[in-house]
Amino acid sequence: MKIKIALLTLFLSFSSQAKKIAITFDDAPMPDSALFTGEQRTNKIINSLQKSGVQDALFFITTKHITPESQSRLKTYTDAGFHLANHSHAHISANKNDVDTFIKDFNQAHNILENKASFLPFYRFPYLHHGNTVQKRDQIRAHLQASGYQQGYVTIDNYEWYLNSKLQQALNKQKAIDYEALKQVYITTLADGIAFYDEIAIKALGRSPKHVLLLHENDITALFVGDLIAHLKSKGWEIISAQQAYTDPIAKELPDVLFNGQGRVAAIANSKGVAAKTMVGKWESTDKLDALLAQKKVFK
Ligand SMILES: [Zn+2]
């Protein structure tokens, strides 16, 4: 009996420690590339997620990317059980535009998305720019709230978009590409980033929150997201939906800081006095990524 109880306690303590992370994809539906048509990319991403047992993921739509050709891909995602949310119309920065321009762009995207199947009212700020003054930030926050939205924040920032841009450059220059080496760089840099922001959370919150990983609906995702998920699972992570992640108490906490570009956990830590400059992951640097890509001979 005692053994049974001990085992149960052990099991409960392990399961309550299972770290949880949701996967989100920005900028969908991205245009055709030298590697994949948009449709091929969408099918590859869906296949990878389904093979990995990921039942739900959130695609943040940049509505100016919706064309007569790409329109059907939104339905392909939602027919597969995934959800859509708002990532602006024209991908404009809240730091570089006035409030009226920003809100007009938000509304334009909302009008396009609100009646789509499986749309959820979460807003992901382009460039993770929430506004560069307190007044602007708060006016935008108030408008999102009045529109029935929650912030579609991230907790894990990273430079996966830069790896994708280097891949596109190599494709356009018809360089030889070592895809296996690129996959290792992708997995290593993302796994390091996840561990980095989780450590910040444990120090600042005293616990590991339900995380939200920022990825993009790009070629590097289509190539390697399945491998990334397998790696995360092997390290004890459980993949959850974004809706589940946004039930974490940090979703209700809007820290009174202007430091939002590294995500919600870093913003909360900053509001508790942690210096902003200490909260940028080591791979959030084009120089360091260039050096790593060269060292691993990814592009010849
Ligand atoms: Zn974006």
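Residue numbers (the working numbering): 2 to 301. Using N, Cα and C, we set each Cβ at its ideal position, and we do this for glycine too.
Please identify the residue among the options whose C-alpha is closest to the C-alpha of residue i.
i: Lys302; options: Glu181, Asp57, Gln245; result: In the structure as shown, the chain begins at 2 and stops at 301. Residue 302 is therefore absent and cannot be evaluated.
i: Ile221; options: Gly39, Gln152, Ala23; result: Gly39
i: His88; options: Lys289, Asn173, Ala192, Thr64; result: Thr64
i: Ala277; options: Ile93, Lys301, Glu70, Gly264; result: Gly264
i: Arg125; options: Ala270, Gln152, Ile269, Tyr163; result: Gln152
i: Ser148; options: Asn173, Gly282, Thr43, Asn108; result: Asn108
i: Leu259; options: Val135, Leu293, Asp80; result: Val135
i: Met280; options: Asp291, Ala268, Phe300, Arg74; result: Ala268
i: Tyr154; options: Gly262, Arg42, Ala292; result: Gly262
i: Glu200; options: Val275, Glu161, Thr68; result: Val275
i: Asn44; options: Thr68, Pro69, Ser73, His66; result: Ser73
i: Ile67; options: Lys52, Trp162, Ala110, Gln51; result: Ala110
i: Leu255; options: Thr287, Lys236, Asn98, Arg138; result: Arg138
i: Lys236; options: Gln51, Lys253, Thr189, Asp291; result: Thr189
i: Gln41; options: Asp291, Gly282, Lys52, Leu224; result: Leu224
i: Leu214; options: Lys253, Asn271, Trp162; result: Trp162
i: Gly207; options: Phe37, Asp291, Ala270; result: Ala270
Kindly give me the distance between the Cβ atoms of residue i and residue j, rounded to whole angstroms, as I take these residues to be in contact under 8 Å.
i: Ala205; j: Lys273; result: 6 Å
i: Lys297; j: Ala182; result: 5 Å
i: Phe103; j: Ala91; result: The pair is not a contact, with the Cβ atoms about 10 Å apart (cut-off 8 Å).
i: Ile240; j: Ile230; result: 6 Å
i: Trp337; j: Asn159; result: Here the chain covers residues 2 to 301 and nothing more, so residue 337 does not appear.
i: Phe300; j: Leu294; result: 6 Å
i: Asn173; j: Ala35; result: 6 Å
i: Ile93; j: Asp101; result: At roughly 12 Å, the Cβ-Cβ gap does not stay under 8 Å, so Ile93 and Asp101 are not in contact.
Do residue i and residue j have their C-beta atoms within less than 8 Å of each other?
i: Asp57; j: Ser242; result: yes
i: Asp257; j: Lys211; result: no
i: Leu233; j: Val226; result: no
i: Thr156; j: Val266; result: yes
i: Tyr150; j: Leu164; result: no
i: Lys289; j: Asp228; result: no
i: Ile47; j: Thr77; result: yes
Could you tell me which residues DSSP pairs with residue i in its beta bridges?
i: Tyr180; result: Looking at the DSSP assignment, Tyr180 forms no beta bridge with any residue, so it has no partner.
i: Ile240; result: Ile22
i: Leu214; result: Ile24, Ile157
i: Ile62; result: Ala29, Asn87
i: Gln152; result: Tyr124
i: Phe300; result: Ile178
Examine chain C for any beta-carbon lying closer than 8 Å to the beta-carbon of residue i, and answer yes or no.
i: Asn219; result: No chain C is present in this structure, which holds just one protein chain.
| said: Could you check whether the stretch 160-169 touches the stretch 123-143, counting it as contact only if at least three pairs of C-beta atoms, one from each stretch, sit closer than 8 Å? | reply: no
| query | Between the stretch 178-197 and the stretch 114-124, are three or more C-beta pairs nearer than 8 Å? | reply | no
| said: Would you call the stretch 24-37 in contact with the stretch 47-65, where contact means no fewer than 3 C-beta pairs closer than 8 Å? | reply: yes
| task | May I ask you to verify whether the stretch 138-155 touches the stretch 188-197, counting CB pairs closer than 8 Å and requiring at least 3? | result | no
| message | Does the structure place the stretch 70-89 close enough to the stretch 103-116 that three or more beta carbon pairs sit under 8 Å? | response | yes
| message | With three or more beta-carbon pairs closer than 8 Å as the criterion, would you say the stretch 29-47 touches the stretch 217-232? | response | yes
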